[in-house]
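Listed in order, the protein sequences are those of chains A and L. FYI, in our numbering the residues of the first sequence are 72 to 175. FYI, in our numbering the residues of the second sequence are 53 to 215. Glycine included, each C-beta is placed from N, C-alpha and C at the ideal position. Note sheet for the following structure.
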Amino acid sequence: MNIIAITACPTGVAHTFMAKKGLEDAAKKLGHTIKVETQGATGIENELSEDDVKNADILILAVEVGISKRERFENIKKVEIPIATAIRQSESLIKKIEEKLRLE
Amino acid sequence: MKTNLKANLDMNVSVYTYLDYLNESLNKFGFFKEISNFIAETIVEEISPISIEKALLAREALRTTGFGDGFAIPHGKVVGINKSYLFFIRSKNKLEWDSLDKQPVQFIFIILVPDSSESNDHLTILSRLSYNLMDASYQEKIKLEGDNKKIKLILEEMLMKNI
């Protein structure tokens, strides 16, 4: 799968980047490609481009605040999760997504 | 005790490490007072301990900095300093921290940056530390490494890693 994701937390930094790392590690371990945009206190980093969105199978939103530029994602399948899930349970999350996309 | 990363890092931060810090306090608020005094007395003599403690308390009031697995990253902007500091402290006694996983804390990274600057250095330091602390091999090294010099190299590596 091509996964894209956005992470963002209210205080802006630590959880945002822990969630990014959690998702990246789980995706790699399960043999998927992933690109994670962070919307933290330092602004948008590693921004998802139009092509990234077009080529992606799924968008994971691990966000606990409103995100910027949400209009980029109108036409893509998405799943919204609490940021703690991305930090602690990314692997089971991605397995669930695999399952779901297979059934469709 | 000190490493200046200026030459190979995109920010000016001084790193200090204490691998067997014998803390008297057993909770984070007592620890903030204790460590602020320690830092002001032994390292950053130009600032008052109260300004350090205030900065740490202000951030802690927003949400806990105990991110789980025994790690905490208290941080803040401090009035009266003109460069950034990172202190890594491995406390002898476990600290009650109200962490996300409710576990006590023993591995503390304190980030202090100047209040005056518009710089986001503390956020950069925080983002790189928290990102790399998800890595099991870094966690293990931070918990177990007994050599001060090696710990410092590990911290430098974590700070420099491009995310």
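Considering only beta carbons, the part of the segment 106 to 128 of chain L lying closer than 7 angstroms to chain A consists of Leu114, Arg115, Phe119, Ile125, in chain order. Under the Cβ criterion of 7 angstroms, L:Ser189 is not counted among the residues facing chain A.
For A:Arg173, the three-state secondary structure derived from DSSP is helix. Chain A has a Cβ within less than 7 angstroms of the Cβ of L:Met186.
DSSP, reduced to helix, strand and coil, places A:Leu101 outside both helices and strands of the structure shown, so it counts as coil. A contact is defined here as three or more CB-CB pairs under 8 angstroms, and the segment 137 to 145 of chain L meets this definition with respect to the segment 67 to 76 of chain L. By the rule that beta-carbons nearer than 7 angstroms mark a contact, L:Leu178 touches chain A. Annotation: L:Leu74 to A:Ala155 spans about 32 angstroms, alpha carbon to alpha carbon. Taking all protein chains in view, the Cβ of A:Ala157 is crowded by 16 or more other Cβ atoms within 10 Å, so the residue is classified as buried. By the Cβ neighbour-count rule, A:Asn117 is exposed, with fewer than 16 other Cβ atoms within 10 Å of its own. Shown here, A:Leu94 sits in a helix according to DSSP, grouped into three states. For the pair of segments examined, the segment 191 to 205 of chain L was found not to touch the segment 96 to 103 of chain A: the number of CB pairs separated by less than 8 angstroms stays below three.
DSSP places A:Ile129 in the uninterrupted beta strand (DSSP E) bounded by 129 to 134. For the 7 angstroms CB-CB criterion, A:Ala85 and L:Leu178 form a contact. Relative to L:Phe161, the option among L:Ile99, L:Phe119, L:Lys106 whose CA is nearest is L:Phe119. The alpha helix (DSSP H) runs lying completely inside the segment 85 to 137 of chain L and spanning 4 residues or more are 101 to 114, given in chain order.
Inter-residue distance for L:Gly128 and A:Arg173 is about 47 angstroms (C-alpha atoms, whole angstroms). By the neighbour-count criterion, in which a residue is buried when 16 or more other Cβ atoms sit within 10 angstroms of its Cβ, L:Leu114 is exposed. For L:Lys201, the secondary structure class from DSSP, reduced to helix, strand or coil, is helix.
Using beta-carbon distances, A:Gly93 counts as an interface residue toward chain L, with a partner under 7 angstroms.
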